[in-house]
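Each remark here refers to the structure printed beneath this line.
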Amino acid sequence: MVRLGRWVRSLTADRVALGLGAVVIVLAAASTDDPAAGATERTLDGWAALLLVIAGLIVVGSRRFPGSAALAVLGVSFVWYGVGYTSGLINVAMLIAFYCLGISEGERRTF
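Next up, the structure:
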């Protein structure tokens, strides 16, 4: 039990970000450009608003680890486009997340 506790504590945000990045790469490789037969484009609805709020909270709430935030918003955008939304509203959160990553100069921020 003690060894498991040490392992969990040693899990850093960088390792989580690498794992999320691997998942996103696998999802991108498994995706296709062909729409599903009979699938229709989804209009903006409550679920779209929820995804936008999640992406916004990730961007605002994770200034200490901008790389993890950028990967998480990228994952939300995969869900966004994967369920059929065609609006580019999610790209605003993605641009902000990657801008924050770019200006972070690769350093973790402490409060």
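The numbering of the sequence shown is the working numbering, which starts it at 4 and goes up by one.
Glycine included, C-beta positions come from ideal geometry on N, C-alpha and C.
- Our two residues, Tyr88 and Thr43, have alpha carbons roughly 9 Å apart in a direct line.
- Of the residues assessed, Val26 falls on the exposed side of the cut-off, its CB having fewer than 16 other CB atoms within 10 angstroms.
- For the stretch 64-104, the continuous alpha helix (DSSP H) assignments of 4+ residues that do not extend past its boundaries occur at 69-85, in sequence order.
- Taking a contact as a CB-CB distance under 8 Å, the pair Val63 and Ala100 does not count as one, their CB atoms being some 10 Å apart.
- Nearest Cα to Leu23 within the set Leu53, Ile57 and Gly70: Gly70.
- When rounded, the separation of the alpha-carbon atoms in Cys103 and Arg66 is 8 Å.
- Residue pairing from DSSP places Arg45 in a beta bridge opposite Tyr88.
- A residue is called buried when at least 16 other Cβ atoms come within 10 angstroms of its Cβ; Leu53 does not meet this threshold and is exposed.
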